[in-house]
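Chemist: If you read the sequence shown in the working numbering, its first letter stands for residue 173, the second for the next number, and so on.
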Amino acid sequence: MRTLHAGSFRLSLARPLIMGIVNVTPDSFSDGGQFLSVQAAIDHGMQLAQQGADILDIGGESTRPGATPVSVEEEKRRVLPVVQALADAGHVVSIDTRKPEVMQFALDGGATMVNDVMALRAPGALEVVAASQAAVCLMHMQNNPQTMQLAPEYRDVVHDVESFLNARVAACIAAGIPPQRIVIDPGFGFGKTLAHNLALLKNLGQLTVGEVPVMVGLSRKSMLGAISGRGPGEREYAGVAAHLWGVMRGAQLLRVHDVAAMRDALAVWNAVKESEYGT
Ligand code: HH2
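1. Within the same chain, show all residues whose beta-carbon is closer than 7 Å to that of Glu273, passing over the 5 residues directly before and after it, in chain order.
2. Since I believe Phe362 is in contact with Gln314 (beta carbons under 8 Å), could you give me their beta-carbon distance rounded to a whole number of angstroms?
3. Less than 8 Å between the CB atoms is what I'm expecting for Gly282 and Gln256, so what's the real figure, rounded?
4. Alpha carbons only, please: which of Gly192, Thr235, Phe201 and Ser200 is nearest the one belonging to Pro215?
5. For Thr451, count neighbouring Cβ atoms within 10 angstroms of its own Cβ and tell me buried if that reaches 16, exposed if not.
6. For Gly232 versus Val196, is the C-beta spacing smaller than 7 Å?
7. What is the C-beta distance between Val286 and Ile267, in whole angstroms, given that I count them as a contact (C-beta under 8 Å)?
8. Which one or two residues does DSSP pair with Phe181 in a beta bridge?
9. Would you mind reading off the limits of the beta strand (DSSP E) that contains Met285?
10. Mapping DSSP to helix, strand and coil, what is Leu426?
11. As a quick exercise: from Leu396, Val355, Gln222 and Ser394, pick the residue whose alpha carbon is nearest that of Leu379.
12. Using a Cβ distance threshold of 8 Å, determine whether the stretch 405-422 contacts the stretch 208-228, with at least three qualifying pairs required.
13. Write down the C-beta distance between Val330 and Asn375 rounded to the nearest angstrom, noting that I regard them as a contact closer than 8 Å.
14. Do Ala437 and Val412 have their C-beta atoms closer together than 7 Å?
15. May I ask which residues mark the beginning and end of the alpha helix (DSSP H) holding Ser394?
16. Who's in the neighbourhood of ligand 1, going by beta-carbon under 6 Å from any heavy atom, listed in chain order?
17. Using only the alpha-carbon positions, how far apart do Arg340 and Leu425 sit?
18. Considering only their Cβ atoms, is the gap separating Leu279 from Gly217 smaller than 7 Å?
19. Would DSSP call Leu310 helix, strand or coil?
20. Which residues mark the beginning and the end of the alpha helix (DSSP H) in which Ala419 is found?
21. List the endpoints of the continuous beta strand (DSSP E) containing Met191.
22. Give a single yes or no on whether Leu337 has its beta carbon closer than 6 Å to a heavy atom of ligand 2.
23. Specify whether the stretch 283-302 and the stretch 177-187 touch according to this definition: at least 3 beta carbon pairs, one from each stretch, less than 8 Å apart.
24. According to DSSP, simplified to helix, strand and coil, what is Met387?
25. Determine, using beta carbons only, whether Arg353 and Met387 come nearer to each other than 7 Å.
26. Answer with buried or exposed for Lys248, where buried requires no fewer than 16 other C-beta atoms within 10 angstroms of its C-beta.
27. Considering only the beta carbon of each residue, do Val308 and Val300 sit closer than 7 Å?
28. Considering only the beta carbon of each residue, do Ala398 and Pro317 sit closer than 7 Å?
29. Under a CB-based cut-off of 7 Å, is Ala186 close to chain D?
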């Protein structure tokens with residue numbers, strides 16, 4: 173059976189995994205400021221784990237379009253106590269950061285996964301992950317959060333994203349990170365128009381880089397708002413539908429805010445898929 177290796181954890185990929193989002197930020201697009209205190213963020217993480225999250229993704233810097241970057245010290249101050257408490261409680265903790273220094277602090281604090289919207293392209297990031305036993309999620313982003321939504325352009329979005337992810341996986345393997353520790357993510361909303369996002373979701377099955385599992389992160393994103401006409405806090409149902417489409421096209425990890433809804437939807441999905449009658 174295929175597994176994702178994250179530190180000493182072995183996460184089965186027989187069923188889709190849920191990554192629950194814990195944003196310790198004042199300005200995240202859908203939940204900024206809600207879990208800014210250390211205790212509120214820890215409580216939220218604990219609650220998401222209880223609701224069925226397999227991995228808790230802790231972020232201390234918003235990457236929403238136009239977001240202001242934060243310093244290493246500030247990001248570390250926000251995330252480290254939360255990482256430590258949730259890891260000490262026995263959870264698989266992922267650090268959502270682009271900064272190698274923050275990755276290192278979080279790994280030392282007990283995180284067993286790195287989730288990087290820059291796919292370890294910052295100088296030193298690849299080396300930090302290679303020197304650990306942590307899993308890594310490599311995400312595609314065109315340009316950077318300040319500029320990415322200004323004029324996204326591709327020759328063929330599915331092909332271009334796949335080539336990028338292929339190259340980043342190759343760089344990881346060359347640095348000594350085995351494929352069992354790698355996840356790829358097309359990066360919905362990161363330098364993509366609605367048409368680009370829809371093309372990627374529809375054709376997700378084409379994003380294959382060896383046996384490396386694919387993560388999908390569509391939770392509360394503006395493409396769901398554009399389709400449903402709903403505000404960020406009202407996109408739970410739209411998110412479930414979008415993530416299930418991803419699962420149908422082979423996604424094995426789902427990064428979501430609304431864990432309970434996703435867990436229930438996946439329970440139904442798994443029950444039908446695993447029923448014995450028919451094919
Ligand atoms: N999306 C966001 C942040 N990190 N990581 C991966 N692997 N995939 C994603 O799609 C992804 C991500 C943006 O969502 P959120 O964390 O809710 O917002 P913000 O960046 O404003 O904190």
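Virtual Cβ for every residue (Gly too), placed ideally from N, Cα, C.
Modeler: Reading off the structure:
1. Mapped onto the sequence shown, residue 273 falls at position 101. Cβ neighbours of Glu273 beyond the five flanking positions: Val244.
2. As a position in the sequence shown, residue 314 is number 142, starting the count at 1. As a position in the sequence shown, residue 362 is number 190, starting the count at 1. About 7 Å separates the two Cβ atoms, so the contact holds.
3. On the sequence shown, position 110 is the one that residue 282 refers to. On the sequence shown, position 84 is the one that residue 256 refers to. Their Cβ separation, rounded to whole angstroms, is 6 Å, which keeps Gly282 and Gln256 in contact under 8 Å.
4. As a working mapping, residue 215 is identified with position 43 in the sequence shown. The residue asked about is misnamed: residue 215 is Asp in this sequence, not Pro. Cα-wise, what sits closest to Asp215 is Gly192.
5. For the purposes of this step, residue 451 is identified with residue 279 of the sequence shown, where counting begins at 1. By the 10 Å Cβ count, Thr451 comes out exposed.
6. Numbered from its first residue, the sequence shown carries residue 232 at position 60. Numbered from its first residue, the sequence shown carries residue 196 at position 24. The answer is yes: Cβ separation under 7 Å.
7. Translated into the one-based positions of the sequence shown, residue 286 becomes position 114. Translated into the one-based positions of the sequence shown, residue 267 becomes position 95. About 6 Å separates the two Cβ atoms, so the contact holds.
8. Counted from its first residue, the sequence shown places residue 181 at position 9. For Phe181, which the question treats as bridged, DSSP gives the partners Ala178.
9. As a first step, residue 285 is located in the sequence shown; it is residue number 113 there, counting from the start. Met285 to Asp288 is the extent of the beta strand (DSSP E) around Met285.
10. Position 254 of the sequence shown, counting from 1, holds the residue named residue 426. In this structure, Leu426 counts as strand in the three-state DSSP scheme.
11. The count along the sequence shown starts at 1 and reaches residue 379 at position 207. Comparing Cα positions, the closest option is Val355.
12. no
13. Within the sequence shown, residue 330 is the residue found at index 158, counting from 1. Within the sequence shown, residue 375 is the residue found at index 203, counting from 1. Right, the Cβ-Cβ distance comes to about 5 Å (below 8 Å), so this counts as a contact.
14. For this step, residue 437 is matched to residue 265 along the sequence shown. For this step, residue 412 is matched to residue 240 along the sequence shown. Contact: yes.
15. On the sequence shown, residue 394 is found 222 positions in, with the first residue counted as 1. Counting along the chain, the alpha helix (DSSP H) containing Ser394 begins and ends at Ser394 to Ser400.
16. Ile193, Asn195, Thr197, Ser200, Phe201, Ser202, Gly231, Ser234, Thr235, Arg236, Asp268, Asn287, Val289, Cys309, Met311, Asp357, Gly359, Phe360, Met387, Gly389 and Arg427
17. Along the sequence shown, one-based indexing puts residue 340 at 168. Along the sequence shown, one-based indexing puts residue 425 at 253. Taking the straight line from one Cα to the other gives about 19 Å.
18. Translated into the one-based positions of the sequence shown, residue 217 becomes position 45. Translated into the one-based positions of the sequence shown, residue 279 becomes position 107. Not closer than 7 Å, so no.
19. By one-based count along the sequence shown, residue 310 stands at place 138. Three-state DSSP puts Leu310 in a strand.
20. Indexing the sequence shown from 1 puts residue 419 at position 247. Inspection of the sequence shows that residue 419 is occupied by Val rather than by Ala. Start and end: Glu408 to Met420.
21. The residue labelled residue 191 in the question sits at position 19 within the sequence shown. Here the beta strand (DSSP E) through Met191 covers Leu189 to Asn195.
22. Of the ligands this structure carries, namely ligand 1, none is ligand 2.
23. yes
24. What you label residue 387 is simply residue 215 of the sequence shown in a count that begins at 1. Met387 falls in the strand class under three-state DSSP.
25. Counting from 1 along the sequence shown, the entry for residue 353 is found at position 181. Counting from 1 along the sequence shown, the entry for residue 387 is found at position 215. Taking 7 Å as the Cβ cut-off, Arg353 and Met387 do not qualify as a contacting pair.
26. For the purposes of this step, residue 248 is taken as the residue at position 76 of the sequence shown. It counts as buried.
27. Locating residue 308 in the sequence shown gives position 136, where the first residue counts as 1. Locating residue 300 in the sequence shown gives position 128, where the first residue counts as 1. Not closer than 7 Å, so no.
28. As a first step, residue 398 is located in the sequence shown; it is residue number 226 there, counting from the start. As a first step, residue 317 is located in the sequence shown; it is residue number 145 there, counting from the start. The answer is no: Cβ separation not under 7 Å.
29. Of the chains in the structure shown, none is chain D; there is only one protein chain.
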